[in-house]
Amino acid sequence: MNLYSYIITRDYGFAPNPFYGICTLANCKPKIRLKVEIGDWIIGFGSNACTSNQNGKVVFAMKASEKIPFESYWQDPRFQRKKPILNGSKKQMYGDNIYYKDDHGIIQQLNSHHSNPDGSPNNDNIIKDLSGEYVVISSEFWYWGEAAVPIPDDLSRLKHFGIGHSKISDAIEPNICSQFVDWICSFESGYLGDPSRFSRGFERYDGRS
């Protein structure tokens, strides 16, 4: 079992997308999406860029149960509701199922959180998102969002600092990973709180900031 962690600076419910009973990581964090294997864990820690309440706390944790390419994600009946509807509810607006092949086999980007302000494709996000090649799917997840929870002191070595991501299971004893699993499984699983930026109007991400 491997355990990856990173800092969440933009908590919209887009990456990861914790809605409709399944948590998906389809965009951003391409290196994690490339490397993660079934049974591995991903932890997202909050920062002051989200809200002060989230800083250093666990915003979400997910156990990878599937890993599929973008085209499979687009076509799978289970994930049709994760395609963005920009005149819908917040969770519909931030749908993460945004990449598909057109009739010429060219990958296109839907008008979405990762598009330009006018809805046109954002090349910076396209390059980063597609370099991850896969969508990570979890049926066993905990998403607190703005209600992020502090990690116990005896698991503080799991905390992530700085940019990028860490494969923290390489730097800690296996028993700490097991302790983390025991701790996280002591909570009710699923969607446990709204994203911290749900209180704002719909926003785009330019792929550079």
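Each residue of the sequence shown is one higher than the last, beginning at 70 in the working numbering.
Glycine residues also receive a C-beta, built at the ideal position from the N, C-alpha and C atoms.
Predicted, not measured: the structure shown is a model, and the values here were computed from it.
Cβ shell of residue i (< 8 Å), same chain only, five flanking positions each side left out
i	result
I154	Q161, M162, G164
6 Å CB neighbourhood of residue i in its chain, flanking five on each side removed
i	result
F148	Y142, N166
N117	N124
R266	D80, Y81
K159	F267
N185	N191
F210	C92, M131
K136	Y203, V205
Coarse secondary structure for residue i, derived from DSSP in three states
i	result
F249	helix
Y168	strand
N86	strand
A216	helix
K152	coil
M70	coil
S207	strand
L261	coil
I175	coil
F267	helix
N185	coil
K197	helix
P190	coil
K100	helix
N180	coil
Residue i - partner residues in DSSP beta bridges
i	result
Y142	According to DSSP, which records beta bridges pairwise, Y142 is partnered with nothing at all.
G115	I77, N124
I137	V204
M131	I111, F210
L224	Paired residues: none, contrary to the question.
C92	S207
Minimum Cβ-Cβ distance from residue i to chain D less than 8 Å
i	result
K136	Reference to chain D is not applicable here, since this structure consists of a single protein chain.
Anticipated Cβ contact below 8 Å, residue i with residue j, distance rounded
i	j	result
R150	Y89	5 Å
G115	A217	5 Å
M70	C246	6 Å
H183	Y274	6 Å
I91	S258	About 12 Å; that fails the 8 Å criterion.
G214	V128	6 Å
Contact between the stretch 139-146 and the stretch 212-231 is defined here as three or more beta-carbon pairs at a separation below 8 Å; is this criterion met? no
Can at least three beta-carbon pairs, one atom from the stretch 200-209 and one from the stretch 90-105, be found at a separation below 8 Å? yes
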